[in-house]
Amino acid sequence: MSQLKDLSSLDLSALVASRVCHDIISPVGAITNGLEVLDEEGSEDMREFAMDLIRKSARQASAKLQFARLAFGAAGSAGAEIDLGDAQVVATGFMENEKSDLDWQVPRNLMPKNFVKMLLNLILIANQCIPRGGVITVTMEGEPADPEFTLSAKGLNPRIPLGMQDTLSGEEPERVDAHSVQPIYTVLLARECGMKLSIVKDEDIVRITALKGA
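For the sequence shown, the numbering used here begins at 2 and goes up steadily by one.
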C-alpha cells in the first residue's frame, strides 16, 4: 500500500475522526430535531413523539460513541489489555441500532488491546456485508494472547462491498479517504497483531477470518 506509506499519523487520525463524526451526526441531529419540536409544538402527542425521538437517538449516539472509544480510541497505554466482556457489551449496544443481530461466542478474557480493536472493526465490516439484515456470528480459537477469529455474516443477499476484498488482502486501495479508512485501519491493526485477513462469500454467508502469519 504505497499510499499508506505516505499517510502520516496525523492524516490517519484525522480520517478516523471524520469517520467517527460521520457515524454520530445522524443521531445527534435527531436529538436537535426533537428539541426543536419541544420548543415549537404545543400538542401533547407531538411532545411525546419528540421525547421518544430524543431518548432513542441519545441511546444510539451513546452506543456509537462507546463502540468508537474501544474500536478507534487509545483504550489505555501501550501494551494494555481490554476485557472481552466490555467489548461484547459495546458491540451488542452498537448492533442494537442496526438491522442485524450479533451472536457473540467469544469467551470472556483479558486480551491485548489491538486484537480487540481489530475484532470490533471486523464487526463493522461484517455488518456492511448484510445491509438488509441478518446475523453476525463471532467465534475465536486459540489463547487470548494468540487468537484467531472468524466472523460469519448471514442474511438475505449478502455482498462483499466494492474494493473490500482487495483492501483486506493488503492490496493498494484506489483512494484513502474517510470512507475507505475504516477497512484500511483494520488492516493496519491486523499487521500490528501479526495476522492476515480474508473475506469470502459462500451462498448466503460472508466469512471474514483473521489468522496468524501476516
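Ideal Cβ positions, reconstructed from N, Cα and C, are used throughout, including at glycine. Since the structure is predicted, the reported quantities are computational estimates derived from the model, not experimental observations.
Straight-line Cα distance separating residue j from residue i
i: Asp-167; j: Leu-36; result: 44 Å
i: Tyr-186; j: Leu-157; result: 28 Å
i: Ile-209; j: Ile-126; result: 9 Å
i: Ile-161; j: Cys-130; result: 5 Å
i: Asp-84; j: Gly-143; result: 16 Å
i: Met-119; j: Ala-72; result: 7 Å
i: Ser-63; j: Ser-199; result: 31 Å
i: Asp-87; j: Met-47; result: 37 Å
i: Ala-81; j: Leu-190; result: 15 Å
i: Ser-14; j: Gly-74; result: 10 Å
i: Val-201; j: Ile-32; result: 38 Å
i: Leu-121; j: Ala-92; result: 7 Å
i: Asp-104; j: Ile-25; result: 24 Å
i: Gly-195; j: Asn-115; result: 11 Å
i: Phe-50; j: Glu-97; result: 21 Å
i: Arg-60; j: Ile-137; result: 22 Å
i: Glu-45; j: Ser-27; result: 25 Å
i: Glu-172; j: Arg-109; result: 34 Å
i: Asp-203; j: Pro-184; result: 21 Å
i: Met-165; j: Glu-175; result: 11 Å
Identified DSSP bridge partners for residue i
i: Thr-138; result: Asp-104, Ser-153
i: Asp-196; result: Before going on, a small fix: residue 196 reads as Met here, not Asp. Lys-213.
i: Met-112; result: Ile-83
i: Ile-206; result: Lys-155, Asp-203
i: Asp-147; result: Glu-144
Delimiting residues of the alpha helix (DSSP H) encompassing residue i
i: Pro-28; result: 10-41
i: Glu-175; result: Looking at the DSSP string, Glu-175 is not in any alpha helix (DSSP H), and its letter there is neither H nor E.
i: Ser-63; result: 45-72
Nearest-angstrom Cβ-Cβ length linking residue i and residue j, presumed shorter than 8 Å
i: Ala-154; j: Pro-113; result: So it is not a contact: roughly 25 Å between Cβ atoms.
i: Val-21; j: Val-182; result: Rounded, the Cβ-Cβ distance is 10 Å, inconsistent with contact.
i: Leu-8; j: Val-188; result: Wrong, their Cβ atoms sit about 12 Å apart, outside the cutoff.
i: Leu-111; j: Leu-152; result: Contact doesn't hold; Cβ gap of about 21 Å is too wide.
Residue i: first and last residue of the uninterrupted beta strand (DSSP E) it sits in
i: Asp-84; result: 82-84
i: Leu-163; result: Careful: Leu-163 lies outside any beta strand (DSSP E) and carries neither H nor E.
Nearest to residue i (by Cα), restricted to the options the options
i: Ser-170; options: Asp-178, Lys-197, Pro-132; result: Lys-197
i: Gly-30; options: Lys-57, Arg-48, Arg-176; result: Lys-57
i: Pro-132; options: Ala-92, Leu-163, Glu-99, Pro-108; result: Glu-99
i: Gln-106; options: Leu-123, Val-139, Gly-74; result: Val-139
i: Glu-193; options: Glu-204, Asn-128, Ala-211, Arg-109; result: Ala-211
i: Gly-135; options: Asp-102, Thr-151, Asn-115, Leu-163; result: Asp-102
i: Phe-68; options: Pro-174, Pro-159, Gln-89, Glu-172; result: Gln-89
i: His-23; options: Leu-66, Ala-51, Leu-39, Asp-53; result: Leu-66
i: Leu-163; options: Gly-195, His-180, Leu-39, Ser-44; result: His-180
i: Val-117; options: Gly-94, Asn-128, Glu-149; result: Glu-149
i: Arg-70; options: Ile-55, Gly-94, Met-52; result: Gly-94
i: Leu-54; options: Ser-19, Asn-34, Met-141; result: Asn-34
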